[in-house]
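Okay, so here's the structure we're looking at.
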């Protein structure tokens, strides 16, 4: 697996979902994932991709797996949904081991070896948007 994009669509998508954990499956349809895959592979060196609302990180992981190494990948998410933490508590996970969504997302990227390829902005996109000053190629 590398950012050079040698893998095929099915392998890339499965790898991205595996790295993001099974709890992320189903958020993006196979058709959407295929389109994202094609977009990421078509990126040119120096271009920039943005995802707003990353949850567990499967889509940015897919971008990082298949886009050229010098494509900038940015994810924005305020991680305010507490359902993930509540779900862990409900399954009996000890309080000291409960992960926030942000921690889960970052861990998923670390496991997948793509954490250095993705810039994570932990803030609401409505706050980030008005002060955004970087060119975007895909959003």
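Residue numbers (the numbering used here): 51 to 189. Glycine included, C-beta positions come from ideal geometry on N, C-alpha and C. Since the model is a prediction, treat every value here as computed from it, not as a measurement.
Of the residues 93, 89, 102, 166, which one's Cα is nearest the Cα of residue 178?
Of the candidates 93, 89, 102, 166, 102 places its Cα closest to the Cα of residue 178.
List, from N- to C-terminal side, the beta strand (DSSP E) runs of 3 residues or more that fit wholly inside the region 114-167.
Within the region 114-167, the complete beta strand (DSSP E) runs of at least 3 residues are 122-126.
Buried or exposed: which applies to residue 130, given that a residue is buried once 16 or more other Cβ atoms fall within 10 Å of its Cβ?
Of the residues assessed, residue 130 falls on the exposed side of the cut-off, its CB having fewer than 16 other CB atoms within 10 angstroms.
Measuring CB to CB, does residue 111 end up less than 8 Å from residue 158?
With respect to the 8 Å criterion, residue 111 and residue 158 are classified as neighbours on the basis of their beta carbons.
Residue of 152, 169, 82, 96 minimising C-alpha distance to residue 187
Comparing Cα-Cα distances from residue 187 to each of 152, 169, 82, 96, the minimum goes to 96.
Using the C-alpha atoms, what's the distance from residue 173 back to residue 134?
For residue 134 and residue 173, the distance between alpha carbons rounds to 18 Å.
Relative to the alpha-carbon of residue 155, which residue among 140, 144, 107, 126 has its alpha-carbon at the smallest distance?
If we check each option's Cα against that of residue 155, 107 comes out closest.
Rounded to a whole number of angstroms, what is the C-alpha to C-alpha distance between residue 140 and residue 161?
Those two C-alpha atoms are separated by around 25 Å.
Would you kindly check if the distance between the Cβ of residue 78 and the Cβ of residue 109 is under 8 Å?
It is a contact, given that the beta carbons lie within the stated cut-off.
For residue 85, the three-state DSSP class (helix, strand or coil):
Of the three classes helix, strand and coil, the one that applies to residue 85 here is helix, per DSSP.
Would you mind reading off the limits of the alpha helix (DSSP H) that contains residue 179?
For residue 179, the uninterrupted alpha helix (DSSP H) segment begins and ends at 175-181.
When the Cα atoms are used, what is the spatial distance from residue 167 to residue 146?
Each residue's alpha carbon lies about 29 Å from the other.
Around the C-beta of residue 183, are 16 or more other C-beta atoms found within 10 angstroms, so that it is buried, or is it exposed?
The residue is exposed, with fewer than 16 neighbouring Cβ atoms inside 10 Å.
Taking 7 Å as the line, does the beta carbon of residue 121 fall inside it for any heavy atom of the ligand MG?
You won't find the ligand MG in this model; it holds no ligand whatsoever.
Sequence-distant residues of its chain with Cβ nearer than 7 Å to residue 165 (five each side left out):
Around residue 165: 156, 159.
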